[in-house]
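Heads up, the thing below is written out as structure tokens.
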Amino acid sequence: MQNTKAVRYYEYGDPSVMKLEEVPRPRPKPGEVLVRVRATGVHPMDWKTRAGYLKDFMPVELPHVPGWEFAGSVEEVGEAVSGFKPGDTVFGRGSGTYAEYAVAPAATLAHKPDALSFEQAAPLGLTGVTAWQAVEAAELQPGQRVLVQGGAGGVGSLVVQLARQRHAHVIATTSPENVDYVRALGADEVLDYIAAPFEKRVAGLDAVIDTVGGDVLERSWGVLKTGGVLITIAAMPDQAIAEAHGVRVRGLAQLESTTRILEQLGDLAASGAINVPVAATFPLHKVAEAHAASQTGHGRGRRVLIIEF
Ligand SMILES: NC(=O)c1ccc[n+]([C@@H]2O[C@H](COP(=O)([O-])OP(=O)(O)OC[C@H]3O[C@@H](n4cnc5c(N)ncnc54)[C@H](OP(=O)(O)O)[C@@H]3O)[C@@H](O)[C@H]2O)c1
């Protein structure tokens with residue numbers, strides 16, 4: 109059996125529990141593709157899982173290799189896979205992607221446009237698809253006013269841009285440090301959440317897309333117009349609260365295949381219609397630093413781990 113390197117942890121804990129070590133190289137099952145990983149996104153969910161915060165409702169088998177989105181080149185294809193062959197460059201969603209090699213279902217991969225680097229393509233795999241699904245769920249029409257909570261974040265940066273693609277009037281909240289950044293993404297109005305509470309600045313909105321949760325989510329119901337819609341990716345949708353406010357709430361649709369969405373995101377990014385927000389890159393052995401940065405809960409876009417061979 110061939111060995112390769114991956115980041116693993118054997119117990120929940122602080123960033124130091126993650127070790128870069130030799131592991132058996134995964135093999136693709138039928139319908140799967142083995143990818144030589146070149147870049148992988150670091151999600152808030154990764155450090156929340158590592159810290160053990162999610163262990164009661166989303167336990168992972170230990171030792172666990174983190175990572176859900178990536179870009180790289182096809183090493184091997186499993187049985188019944190068509191459309192991908194060794195050497196193709198791809199991006200998408202997989203599991204255990206903090207590694208030199210990872211497997212993913214072919215249905216969650218797409219070909220990487222040549223115009224995109226691996227580090228630009230990797231965050232489209234889950235971050236991009238989530239932003240896409242959130243904007244789809246909001247069913248935004250041209251001219252509708254949408255508030256994006258967390259416009260500077262990994263998902264929020266893409267939601268702002270995708271909502272602008274639909275000709276919505278985009279209002280986004282951010283810290284003072286990121287006001288210019290979010291404006292440059294194309295937001296029509298940027299609300300500094302330190303300067304004033306957003307609910308003092310906006311009302312009667314068609315939609316809210318929340319990427320922050322907690323108190324920000326709770327205060328968001330009241331800024332919608334009657335019949336408006338709230339999408340949150342940071343909590344479970346709560347129908348009872350929505351009904352009490354006379355608004356609708358939607359979660360993200362479950363997808364059988366994400367290839368078509370990935371292709372559209374790839375085309376938009378390759379043509380320059382959207383920018384992929386990469387906050388910072390880290391070599392794989394600096395994974396603890398990448399988690400610490402993500403754990404601040406602040407920043408501009410997605411942190412990305414780069415895998416050098
Ligand atoms: N499929 C899914 O359901 C899915 C997928 C991905 C992520 N998520 C979840 O969605 C959430 C966001 O993910 P992410 O990857 O976008 O996180 P992220 O990259 O860490 O970004 C979070 C952003 O929130 C902003 N923020 C913090 N406090 C704020 C406040 N009070 N008001 C407005 N903005 C605030 C920060 O911007 P500033 O620096 O300007 O404060 C930061 O950039 C997480 O809970 C994650 O677990 C769900």
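Start counting the sequence shown at 109; every next residue gets the next number (the working numbering).
Cβ atoms here follow ideal geometry from the backbone N, Cα and C, with glycine treated the same way.
Every value quoted in this text rests on a predicted model; they were computed, and no experiment measured them.
Legend entry - Residues of its chain near Q228, where Cβ-Cβ distance is below 7 Å and the 5 sequence neighbours each way are ignored: On the sequence shown, position 120 is the one that residue 228 refers to. For Q228, where only same-chain residues beyond five positions count, the Cβ hits under 7 Å are A377, V384 and V386.
Legend entry - Residue span of the alpha helix (DSSP H) that contains L235, given as start and end: Locating residue 235 in the sequence shown gives position 127, counting from the first residue. A quick correction: the sequence has Thr, not Leu, at residue 235. Segment T235 to A246, the alpha helix (DSSP H) holding T235.
Inset, instruction - Determine, using beta-carbon pairs with one atom in the stretch 192-211 and one in the stretch 349-358, whether at least three such pairs fall under 8 Å. - result: Flag = no, the stretch 192-211 and the stretch 349-358 do not touch.
Legend entry - Every unbroken alpha helix (DSSP H) within the stretch 330-359, with a cutoff of 4 residues, ordered by chain: 347-353
Legend entry - Continuous alpha helix (DSSP H) stretch holding F226: start and end: Position 118 of the sequence shown, counted from the first residue, corresponds to residue 226. F226 -> alpha helix (DSSP H) spans F226 to A229.
Inset, instruction - Identify which residue in A280, R274 and L313 has its Cα closest to the Cα of V320. - result: Counting from 1 along the sequence shown, the entry for residue 320 is found at position 212. If we check each option's Cα against that of V320, A280 comes out closest.
Inset, instruction - Starting from T282, follow the beta strand (DSSP E) in both directions and report where the run begins and ends. - result: For the purposes of this step, residue 282 is taken as residue 174 along the sequence shown, with counting starting at 1. Run containing T282: H277 to T282, per the beta strand (DSSP E) assignment.
Legend entry - Sequence-distant residues of the same chain with beta carbon closer than 8 Å to P171, five excluded per side: In the sequence shown, residue 171 corresponds to position 63, counting from 1. Around P171: R116, Y117 and Y118.
Legend entry - Three-state secondary structure (DSSP) of F417: For the purposes of this step, residue 417 is identified with residue 309 of the sequence shown, where counting begins at 1. In the structure shown, F417 adopts coil according to DSSP, grouped into three states.
Inset, instruction - Please name the residue, chosen from A179, G180, A214 and A210, that lies closest to F192 on a Cα-to-Cα basis. - result: As a working mapping, residue 192 is identified with position 84 in the sequence shown. Closest by alpha carbon: A214.
Inset, instruction - Output yes or no for whether 8 Å exceeds the beta carbon distance between G294 and D314. - result: For the purposes of this step, residue 294 is taken as residue 186 along the sequence shown, with counting starting at 1. For the purposes of this step, residue 314 is taken as residue 206 along the sequence shown, with counting starting at 1. In this structure, D314 does not lie closer than 8 Å to G294 by Cβ.
Inset, instruction - For V320, verify whether its CB is less than 7 Å away from any heavy atom of ligand 1. - result: Taking the first residue of the sequence shown as 1, we reach residue 320 at position 212. Indeed, a heavy atom of ligand 1 lies less than 7 Å from the Cβ.
Legend entry - G149 to F178 span [Cα, whole Å]: Locating residue 149 in the sequence shown gives position 41, counting from the first residue. Locating residue 178 in the sequence shown gives position 70, counting from the first residue. C-alpha separation (whole angstroms): 6 Å.
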